[in-house]
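Written out below as structure tokens is the structure these notes cover.
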Amino acid sequence: MDQLPVLDPPMPQAVELLGFEPELAAAWEHQAAARKAEAAKLTALLDYTNRVVAECHAEGGIPHQEAVRDAHLEAAMLLGVSDMTAGVILDAAGFARNHLPATWQAFHTGLIDLVRLRKIVDAGCELDDHVLALVDAAAAEQAAARSTSDFAHWLARYIAQTDFEAYERLTRTTRTRRHVQFAHLPNGMSIVSAFLPTIEAAAIEKRLKIITRRQHAAAKDTAAQDTAATDTAATDAQQGSAGSWSREHGAGAGEWGRPGQAGESPTLAQREADVFSAWLRTNPTGEPAPVEAKIMIMVPEATLTGDTNEPAISAHRSWALDADQARALAGDPHAQHDWYEGVTRPRAGDADVDVLTVTYSGRYPPQRLREAIIFRDGRCQTQGCTVAAERCDLDHQTPWDSGGQTNAANLWSLCRRHHRLKSHGHLHPPPRGDTEPTASRPPVIDLWLPTHTYPLIT
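Whatever position you read off the sequence shown (first residue = 1), add 11 for the working numbering.
Structure, rendered in structure tokens:
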């Protein structure tokens, strides 16, 4: 057998035989080079962060965390991600450089990637030093040889077996981070993910599967009975003409359960999604009064009249509804609708007189102006930030205490994170008159736009 080619770094032992294939050997070297470049890039960004923090400390008066956020904001602009994402990445890299020498070395030599490094950091940041040293050495070796999901499972097992008490503390700490996340996709669908204690998630999964399987089995039994009745009637009608019946009805064989076909029963996966959604929308919440969820969307008038099928779009521009869904939403008799007329324009000079031109005497904007700005801005006005405007603060670009007015021209939507950065002088409003639409600033919106309120039953 020919000798293995000399690769830098060498392939993990589990896959080193792939090195005999020249294309795979070349692919490995390219992958390792990309990992080395990623490590070098993050090292440079960490060095920059440290320099910014040191300079801020020397100047005095700027809190440490605000200096770090300032550096992360600039790193985010370079990386093309949000500054929150940049902060998460750089915090993980910084922890690895300071506390995980074996992992950091494996990252720099191209043996592991950023995804695996972050998994090690997430698992190790809560461990005592003596346990962390063991995890670092073992994980750096295993991460290079295992797939991402397999390595994550191995890491959890290794920590549990190495130090039971440490693992228990880790699970207690992790439990405090439970949350639910919504990701709205551009195809009219969304992903709801929940970070829950496993025992609770397993109980939910079990209950969901039991109920949906019962429903699915009952639906199949009903369908089978209906089919049998139809077969009997067809046989009687055909009076022995089996060939004709087969050609007419047999074309559907194998089509059962295919999603999206009118009149067909939903698949088991579709039933699970429907039941899960129904639970979340209709189960009691313990609130003393019904809870209302306000959904703010923009629907073209021609879509409502049926003259076009242009989709509706959410106020924060992160998801859309197809025309049929928008019309169904608009015609829902069980929902409360608040309708407002609105138009879009690319330049401020084209505006008609509207609520966005009114100046109010108080410091805090009224609800009418607040909702108009939510539609106008869509999301936090910091470049790259995707926090919806309805979850943002309305900030005076020129502070109220410095003579700034309470009107649309002086107000902009900033998430709490970026609001704080602006308050500490690390974020500045765009120049006045900068109203041309960009990738981060959509066309300006005049007047009011449609909103939709869903009543949630309690």
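Positions of the beta carbon are idealized from the N, C-alpha and C atoms, including for glycine.
Exposure of residue i, with buried meaning 16 or more beta-carbon neighbours within 10 Å
i      : result
Val203 : exposed
Ser413 : exposed
Tyr178 : buried
Met200 : exposed
Thr293 : exposed
Val26  : exposed
His83  : buried
Gly71  : exposed
Arg402 : exposed
Lys220 : exposed
Ala86  : buried
Arg421 : It should be pointed out that residue 421 corresponds to Asn in this sequence rather than to Arg. Buried.
Ala228 : exposed
Glu66  : exposed
Arg390 : buried
Ile210 : exposed
Trp115 : buried
Under the three-state DSSP convention, the category residue i falls into
i      : result
Arg431 : helix
Ile215 : helix
Gln408 : coil
Arg390 : strand
Trp423 : strand
Ile73  : coil
Ser372 : coil
Asp19  : coil
Ala228 : helix
Asp94  : helix
Val63  : helix
His439 : coil
Val79  : helix
Gln416 : coil
Asp349 : strand
Gln14  : coil
Val191 : strand
Val203 : strand
Thr464 : Only weak support exists for where Thr464 lies, its pLDDT of 36 falling under 50; the value from the coordinates is given anyway. Strand, per DSSP.
Reference residue i; option with closest CA among the options
i      : options                        : result
Thr368 : Ala419, Asn320, Asp94          : Ala419
Leu101 : Leu145, Leu138, Ala51          : Ala51
Ala113 : Met95, His348, Thr96, Ala151   : Ala151
Arg338 : Pro322, Thr60, Glu352          : Pro322
Val146 : Asp161, Pro33, Ala167          : Ala167
Ala43  : Pro197, Ala148, Glu32, Pro20   : Pro20
Leu181 : Pro33, Pro344, Leu143          : Leu143
Ser10  : Lys130, Thr370, His429         : Missing from the structure shown is residue 10; the chain here goes from 12 to 469 and no further.
Asp139 : Ile73, Thr173, Val63, Ala163   : Thr173
Asp335 : Thr314, Leu111, Leu380         : Thr314
Leu125 : Ala45, Asn320, Gln76           : Ala45
Gln192 : Phe206, Val286, Glu312         : Phe206
Leu122 : Asp81, Leu279, Ala155, Cys396  : Ala155
His141 : Trp350, Glu176, Ile222         : Glu176
His435 : Asp81, Gln14, Asp58, Arg381    : Asp81
Arg328 : Pro197, Ala284, Phe287, Thr54  : Pro197
Thr397 : Ile215, Met95, Arg431          : Met95
Pro410 : Ala230, Lys433, Val63          : Lys433
Arg108 : Arg427, Asp58, Arg186          : Asp58
Ala280 : Glu216, Arg62, Val63           : Glu216
Val310 : Ala289, Leu291, Glu352, Asp343 : Glu352
Arg428 : Gly98, Thr278, Ile170          : Gly98
Ala134 : Thr185, Ala148, Val79          : Thr185
Beta-carbon contacts of residue i that lie in its chain and below 7 Å, excluding the five residues immediately before and after
i      : result
Leu18  : Gly30, Ala36, Trp39, Glu40
Phe106 : Val132, Cys136
Ala165 : Sequence inspection shows Trp at residue 165; the Ala mentioned does not correspond to that position. Same-chain partners within the cutoff: Gln153, Arg157.
Gln226 : Arg282
Residue i CB to nearest heavy atom of the ligand COA below 8 Å
i      : result
Trp350 : Questions concerning the ligand COA fall outside what the structure shown contains, since it holds no ligand whatsoever.
Cutoff 6 Å; reference residue i; Cβ partners in own chain excluding five residues on either side
i      : result
Trp330 : His195
Thr233 : none
Phe118 : Ala50, Leu128
Thr120 : Pro20
Thr60  : Ala82
Spatial neighbours of residue i in its chain, beta-carbon cut-off 8 Å, leaving aside the 5 residues before and after
i      : result
Tyr375 : Thr417
Ser372 : Thr417
Trp423 : Ile384, Asp388, Gln392, Leu405, Asp406, Gln408, Pro440
Thr370 : Gln416, Thr417, Asn418
His377 : In the sequence under discussion, the amino acid at residue 377 is Pro, which differs from the His named in the question. Taken in chain order, the residues that qualify are Tyr371.
Val286 : Leu219, Ile222, Thr223, Gln226
Gly395 : Ala87, Met88, Gly91, Val92, Ser93, Asp94, Ser451
Arg381 : Leu405
- What are the uninterrupted segments assigned as alpha helix (DSSP H) that are 4 or more residues long and contained completely in the region 284 to 344, given in chain order? 312 to 316, 334 to 341
- With a floor of 4 residues, list each alpha helix (DSSP H) that falls wholly inside the region 97 to 172, ordered by position along the chain. 112 to 119, 125 to 135, 140 to 156
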